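Working notes, structure below.
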Amino acid sequence: MAISNQSEKAGNSTETPEILEGYNFAYLDDQTKRMIRRAILKAVAIPGYQVPFGSREMPLPFGWGTGGIQITASIIGKDDILKVIDQGADDTTNAINIRNFFGKTAGIETTEKTTEATVIQTRHRIPENPLSAKQILVYQVPIPEPLRWLEQRESETRKMHALAEYGVMHVGLYENIAHFGRVTTSYNYPVQVNDRYIMSPSPIPKFDNPKMDKMPALQLFGAGREKRIYAVPPFTKVKSLDFEDHPFAIESWEESCALCGSSNSFLDEVIIDDEGSRMFVCSDSNFCREETEKIKDGPVTSSGETL
Amino acid sequence: MKNKLREVLSVNNLKKSFILHNQNSFELPVFYNISFSLSKGECLVLSGSSGTGKSTLLRSIYGNYLTHLGEINIYHNQSWINLVGAPPHLILDVRKQTLGYVSQFLRVIPRISTLDLVAEPLLSRGETEVNSINRAKDILKKLAIPENLWNLPPATFSGGEQQRVNIAITFVRDFPILLLDEPTASLDTKNKQAVIDLIKNAKDKGTAIIGIFHDQSVRDSVGTTIFNIEEAKKAA
Amino acid sequence: MTSNKETPLLRVTELSHYYGDQVGCEEINLEVYNGEILGIVGESGSGKTTLLKIISGLLPPTQGTIEFDKRIEGPSDIYQMSEPERRLLMRTDWGIIYQNPKDGLRMNVSAGANVGERLMAVGARNYSYIRAESNDWLNKVEMDLGRIDHFPKTFSGGMLQRLQIARNLITKPRLVFMDEPTSGLDVSVQARLLDLVRGLVNQLGISCVIVSHDLGVMRLLSHRLMVMKSGKVVEQGLTDQVLDDPQAPYTQLLVSSILPI
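As you go down the protein sequences, you meet chains A, B and C in turn. Under the numbering used here, the first residue of the first sequence carries the number -8, and numbering increases by one thereafter. Under the numbering used here, the first residue of the second sequence carries the number 3, and numbering increases by one thereafter. Under the numbering used here, the first residue of the third sequence carries the number 25, and numbering increases by one thereafter.
Listed below in structure tokens is the structure:
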């Protein structure tokens, strides 16, 4: 993480790499894209339902975001502006590589600015800036099945989804409270979509769960290794599971961000020296930079795009 | 003659034999053409030398032995039913409400306290716990089971004590009809008297009893009618 | 519990099941009434486990009907109703106690969660309530309350069976199936478990179908007994009658083979 660079690097779009010849637009062939789009349409039609799809070999290993990449490749067009984040940051290896991948194979514009992007591929975070109806959020998902830890048989989990037999999900929450006095699940916190399907939100912190509820942007989830696509259509109800007497709650911090001073964003704890000194900074690097600029430049930036 | 209105049990032409399949299907006849009737407050004493089928008759009436020929009519739940060929769940219902049986031996789940064993039939009939326990204590007291034994399972009790526990389990409920198979066999005089009192008391309340008593003194003090199986067989 | 006309809770009619050419069980007819314990005995391979699987909703039979007297609809064939309906029945009105507790419990979650799961499955969403109920049931099956948060892998065989019983009875089922519930336990534990089962069945008015090869267990626990051999019922009747005055040649042989204690 290059925290010290965040405030200096205020560029709009990242530098576009050279376009590679000989590849179809956005790498995937059109047959595959059609197949994936059909899966996406089905997923949108049945919010939270996991649609199987023929996941392809990608030029990076499963587990590195192949599900998200295949969705992005299938929905992205020449005019789209792509943003890729990994744990909230635009400048980590995985994020940069995926951004470069689409830069090289599709020649599309990329950005670090949340508000500017039309497609945002993410691993483990939802950006702090609220998303609009013109945007699509693509999640990379490692394990799409929320029932898996209690039921190993795929045939059985499918049946449980089909019959909405979800009582067992609360067993997990019960265990948390019984052993620790509260629900300690802090990421990948299960949700119920549109009062029907229980869904894994991918390993985002539960801090981000409320953002999924009634989000104006379309949310697509891709699991490459597990060959599943699911979706939350815009403005759809997403409820985090809880008990009446132990309602769902997000985490909060005593500290504010050491860089931008934000007190309502998701913070990472960073060790800064060998003595074990630490600081808390925003995990959303773009948000943090914009907040820092606001302090420098006054309430509204020249681009007028901060909220 | 007997008052038909007070009749609670009538046995007609009852036959019992055992077929021993493992001994070339040898048929062992026990009795046939047995007929008698029993009224409220009556105590019918089965007599006959041993091996004539007194116990078998009691067990047949209770449904413990299966009979095919004849009738065992019993007044149960305000109507007469024939126990020969009756479905098992009906016989269970009769045993729960109408017909009590004191066998010669105590047979219970191990490791349950005596008090609980005696209270259980009441509990399973839906009586409250307090009520059941109190009535259980009451009957154990009447039968002179020492109070310090109540919380022990009866497995280690003496033969006489076990027999009295067995009697208590049946007598704690007020069955309209009782079958008693040598209830006083292993009791000393004092305890015998306690059981006799219990039987007399039940009789006075209208309970109809069929009993096997080898002890002449018991017979004399509780019996109202004698039924001799051997003579019945000869007559048939 | 009074008249002849009472509807049985479970009625099995002309049930047969074949594994290819092999007979699983054949031409079975049985009835279980409210508050009744039906025992099924027979040697290994006699078809008793197959029968239990079929009538507990786990294995559709080749032919025959299994009717359960539902609370509202009355007698309904369990394999004619929809799968969601059957599964709902299985986790509310029915209970299944497995011979091997690992089949009936979640070994990776605490005792309390195991007991509370059925409540959550039928919609309980209040933690305190679920916990209180779990506690209550652990108490009823005579388990040490200090162990509510312990994992089943730390429990003894007898405790695991108790846990299974609590887990099944928490929704107050009307019919409980038990497959050799006491085998594999040492005799002293067995006796206490039998007492527990009998007490609970009496208190709650539950009906039970128990499969076992142990005639001693059956005499103490079951009201009625069914003897099976080579997939067929050779004899059924009152437990004490079947054991004291067996009619079928096989039952006579079986009863006479019991070693006296």
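All residues carry an ideal CB built from backbone N, CA and C; glycine is no exception. Note that this is a predicted model, so its numbers are computed, not measured.
Query: Beta strand (DSSP E) runs contained entirely in the region 161 to 227 of chain B, provided each spans 3 or more residues; Result: 179 to 183 and 210 to 214
Query: 7 Å Cβ cut-off: residues of chain B touching Leu264 of chain C; Result: In the sequence on display, residue 264 of chain C carries Asp and not Leu. Those within 7 Å of Asp264 of chain C in chain B are Asn66.
Query: Chain-ordered neighbours of His41 of chain C on chain B, where CB pairs are closer than 7 Å; Result: In chain order: nothing, as chain B lies at least about 24 Å away.
Query: Touch test, the region 65 to 73 of chain B against the region 216 to 231 of chain B, Cβ-Cβ under 8 Å, three pairs minimum; Result: no
Query: Minimum Cβ-Cβ distance from Thr26 of chain C to chain A less than 8 Å; Result: Residue confidence is low: Thr26 of chain C scores 41 on pLDDT, short of 50, so the model does not pin down where it sits. Its coordinate-derived value is still stated next. No, no contact with chain A.
Query: Identity of the residues DSSP links to Met190 of chain A by a beta bridge; Result: A:Val182
Query: Proximity to Phe28 of chain B [Cα-Cα], best of B:Leu200, B:Phe20 and B:Arg137; Result: B:Phe20
Query: Beta-carbon gap between Ile129 of chain A and Ile195 of chain A smaller than 8 Å; Result: It is Val, not Ile, that sits at residue 129 of chain A in the sequence shown. The answer is no: Cβ separation not under 8 Å.
Query: Range of the contiguous beta strand (DSSP E) that encloses His78 of chain B; Result: Leu71 to His78
Query: Met190 of chain A classed as buried or exposed, judged by whether at least 16 other C-beta atoms fall within 10 angstroms; Result: buried
Query: 8 Å Cβ cutoff met for Ile99 of chain A and Leu73 of chain A; Result: yes
Query: Minimum Cβ-Cβ distance from Leu16 of chain B to chain C less than 8 Å; Result: no
Query: Distance between Lys126 of chain C and Thr148 of chain A (C-alpha atoms, nearest Å); Result: 19 Å
Query: Identity of the residue in A:Tyr40, A:Ala36, A:Pro118 and A:Ile220 nearest Val75 of chain A by Cα; Result: A:Pro118
Query: Amino acids of chain C, ordered along the chain, whose beta-carbon sits closer than 8 Å to that of Leu154 of chain A; Result: Glu107, Pro108 and Arg111
Query: Residue span of the alpha helix (DSSP H) that contains Leu94 of chain B, given as start and end; Result: Pro90 to Gln99
Query: Three-state secondary structure assigned by DSSP to Met202 of chain C; Result: strand
Query: Phe53 of chain A, enclosing beta strand (DSSP E) - first and last residue; Result: Counting along the chain, Phe53 of chain A falls outside any beta strand (DSSP E), and DSSP gives it neither H nor E.
Query: Burial state of Met250 of chain C, where buried means 16 or more other Cβ atoms lie within 10 Å; Result: buried
Query: Heavy atom of the ligand PLP within 7 Å of Val261 of chain A beta-carbon; Result: Judged by which ligands are present, the structure shown has none, so any question about the ligand PLP falls away.
Query: Of the residues C:Val257, C:Ala215 and C:Ser158, the one placed nearest Ser134 of chain C, counting alpha carbons only; Result: C:Ser158
Query: One or two residues paired with His237 of chain A in a DSSP bridge; Result: A:Phe234
Query: Per DSSP, the bridge partner or partners of Val104 of chain B; Result: B:Leu182
Query: Chain F within 8 Å of Leu125 of chain B, Cβ atoms only; Result: The structure shown contains no chain F; its protein chains are A, B and C.
Query: Distance, Asn150 of chain C Cα to Ile93 of chain B Cα; Result: 45 Å
Query: Inter-residue spacing [alpha-carbon to alpha-carbon] between Ser231 of chain A and Asp204 of chain A; Result: 9 Å
Query: In DSSP terms, what Tyr67 of chain B is bridged to; Result: For Tyr67 of chain B, which the question treats as bridged, DSSP gives no partner whatsoever.
Query: Cutoff 8 Å: Asp186 of chain A Cβ touching any chain C Cβ; Result: no
Query: N-terminal and C-terminal residue of the alpha helix (DSSP H) that Met160 of chain A is part of; Result: Gly158 to Phe171
Query: Short Cβ contact (8 Å threshold) for Leu189 of chain B with Ile211 of chain B; Result: no
Query: Same chain only: Cβ atoms within 6 Å of Arg61 of chain B, ignoring 5 sequence neighbours per side; Result: Tyr67
Query: Assigned secondary structure, His41 of chain C (DSSP; H/G/I helix, E/B strand, else coil); Result: strand
Query: DSSP state of Ser41 of chain B mapped onto helix, strand, coil; Result: strand
Query: Phe33 of chain B beta carbon less than 8 Å from that of Ile231 of chain B; Result: yes
Query: Asp20 of chain A - DSSP class collapsed to helix/strand/coil; Result: coil
Query: Neighbourhood of Ser39 of chain B by C-beta, 6 Å cutoff - its chain only, sequence neighbours within 5 removed; Result: Glu9 and Ser12
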